[in-house]
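Counting from 1, position 319 in the sequence shown corresponds to residue 319 in my numbering; the numbering is continuous, with no gaps. One structure is given here, and the rest of the page talks about it.
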Amino acid sequence: MTTTTELTGLSETTLLRFATAGSVDDGKSTLVGRLLHDSKSVLTDQLEAVQRASAGRGQEGPDLALLTDGLRAEREQGITIDVAYRYFATPRRRFILADTPGHVQYTRNMVTGASTAELTVVLVDARNGVVEQTRRHAAIAALLRVPHVVLAVNKMDLVGYQESVFAAIAEEFTAYATELGVPDVTAIPISALEGDNVVEPSGRMDWYGGPTVLEHLETVPVSHDLAHCHARFPVQYVIRPQTAEHPDYRGYAGQIAAGTFRVGDTVTVLPSGRTTTVTGIDLLGTPVQEAWTPQSVTLLLADDLDVSRGDLIAPTPDAPATSQDIEATVCHVADEPLTVGHRVLLKHGTRTVKAIVKDIPSRLTLADLSLHPHPGTLAANDIGRVKIRTAEPLPADAYADSRRTGSFILIDPSDGTTLTAGMVGESFAAPEPVRSAADEGWDF
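Take a look at the structure:
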């Protein structure tokens, strides 16, 4: 049995969630396969299965992309269609990896994979450089406030491992990402097929003195500072056992989305605005004095308030304002266009309310980051600004302050299809000053 002490010992700072992205055939799945293979994170039977499948396709060596491309359609077409999650570990850190598709029509999957990531690896084919889909993925990473972006310039073996090719691509991408407000960009020249600079340093690019992909993943600073954010507790379930042992027990169960709650805290229940005090916190059936994100707990309150699923409990001094008018940046993920007047369901945290799209002020043009005013509709994979009116007030934070309570999705009320992923508040972070590749070289 795992003890609480052992669970505590698995510090959150040892875990990195990251996603891969890039255009079609840039080599994302091959990079992931190489990363898993060379870090010895592949089981023997998995590798044997890949070797058999590769031999059946007439390939001499194992196609490492098959380690992640598990769907039959993916293997037949040689592309990634759905997000593939992989869990692996090295002595220095644990990883949750989301290998996302490169096709434009699967941009929605990239949004899903990157929504919880602390780092995104964007692949670029050294022969093609930065293309529209590269810009799209950089924009999505910026919108989702992913704090670290790695530019992996892949297939360097096909351009003779030339430093000039890498430098030009790295400079163009870094300038674009910086304009989007991405706070940290690291460029690494690699060959996923040959294994150069993925796990082991490349002897064929001695002009590069920076880390390998795995070394950077193991050492990039990850700040799990949600425990120090404004505390937020979306209620998932009300516990009323009404047994002889617990005749008056009324607890509110859920996962802490951000911050820390302590016994004695004065809290406000939203959207009702009623105020009370936390009298107890139950964690795994044991009373504790405090709990923090991402723990799942049951809160006990001093007063018998009308609290139900979908309500938000927050400390009274910094409780978010409630509003029926939401302005946000969205990525439309459905084939059906989003139009002004569209009636939808808006899911925010554990609460789902009716809503209507009142206006679409602009659509983002990825090529030059210009705004197309009042397009009227957003097509699949479009990024734009929307104004939404909800039937009930919602306590939404700005996405810049909280990725958990500042995000929402729009749902088709007729069939439950997810239409749009939204981020409340401003689109992008303020850009940092651009640093030229020539200024600092590649010795990171």
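Where is the CB? At the ideal position from N, CA and C, for every residue including glycine. This one's a predicted model, so the numbers in the text were calculated from it and none came from an experiment.
Residue burial classification, residue i (beta-carbon count within 10 angstroms, cutoff 16)
| i | result |
| --- | --- |
| residue 128 | exposed |
| residue 313 | buried |
| residue 374 | exposed |
| residue 351 | buried |
| residue 234 | buried |
| residue 268 | buried |
| residue 315 | buried |
| residue 240 | exposed |
| residue 133 | buried |
| residue 246 | exposed |
| residue 306 | exposed |
| residue 148 | buried |
| residue 361 | exposed |
| residue 284 | exposed |
| residue 158 | exposed |
| residue 415 | exposed |
| residue 372 | exposed |
| residue 287 | exposed |
| residue 422 | buried |
| residue 101 | buried |
| residue 237 | exposed |
| residue 87 | exposed |
| residue 99 | buried |
| residue 85 | exposed |
| residue 406 | buried |
DSSP beta-bridge partners of residue i
| i | result |
| --- | --- |
| residue 329 | 385, 423 |
| residue 276 | 267 |
| residue 292 | 260 |
| residue 237 | 253 |
| residue 23 | Bridge partners of residue 23: none, in fact. |
| residue 18 | 97, 119 |
| residue 179 | None; residue 179 has no bridge partner. |
| residue 408 | 422 |
| residue 363 | 372, 384 |
| residue 322 | Residue 322 is not bridged to any residue. |
| residue 354 | 345 |
| residue 206 | DSSP output for residue 206 lists no bridge partner at all. |
| residue 230 | Note: residue 230 sits in no beta bridge, so no partner. |
| residue 189 | 153 |
| residue 287 | 282 |
| residue 148 | 119 |
| residue 445 | This structure cannot speak to residue 445, because the chain is shown only from 1 to 444. |
Coarse secondary structure for residue i, derived from DSSP in three states
| i | result |
| --- | --- |
| residue 307 | coil |
| residue 347 | strand |
| residue 416 | coil |
| residue 91 | coil |
| residue 86 | strand |
| residue 194 | coil |
| residue 136 | helix |
| residue 216 | helix |
| residue 164 | helix |
| residue 30 | helix |
| residue 428 | coil |
| residue 340 | coil |
| residue 184 | coil |
| residue 315 | strand |
| residue 125 | strand |
| residue 248 | coil |
| residue 297 | strand |
| residue 174 | helix |
| residue 243 | coil |
| residue 391 | strand |
Whole-angstrom C-beta distance between residue j and residue i, which should lie under 8 Å
| i | j | result |
| --- | --- | --- |
| residue 140 | residue 114 | 6 Å |
| residue 270 | residue 319 | 6 Å |
| residue 125 | residue 154 | 6 Å |
| residue 462 | residue 354 | With the chain running from 1 to 444 in the structure shown, residue 462 is simply not present. |
| residue 172 | residue 130 | 5 Å |
| residue 35 | residue 198 | 6 Å |
| residue 19 | residue 117 | 4 Å |
| residue 337 | residue 377 | 4 Å |
| residue 451 | residue 150 | Missing from the structure shown is residue 451; the chain here goes from 1 to 444 and no further. |
Beta carbon proximity, residue i to chain D, threshold 8 Å
| i | result |
| --- | --- |
| residue 342 | Here chain D cannot be found, since the structure has a single protein chain. |
| Cβ contact (3+ pairs, closer than 8 Å) linking the segment 328 to 336 and the segment 380 to 400 | yes
| field | the segment 250 to 259 touching the segment 300 to 310, judged by at least three CB pairs closer than 8 Å | value | yes
| the segment 27 to 36 / the segment 191 to 209 touching (three or more Cβ pairs under 8 Å) | yes
| message | Quick test of the definition: if touching needs 3 or more C-beta pairs under 8 Å, does the segment 345 to 352 touch the segment 114 to 123? | response | no
| field | the segment 214 to 224 in contact with the segment 82 to 95 per 3-pair CB rule at 8 Å | value | yes
| query | Counting pairs of Cβ atoms below 8 Å between the segment 280 to 292 and the segment 256 to 264, do you hit three or more? | reply | yes
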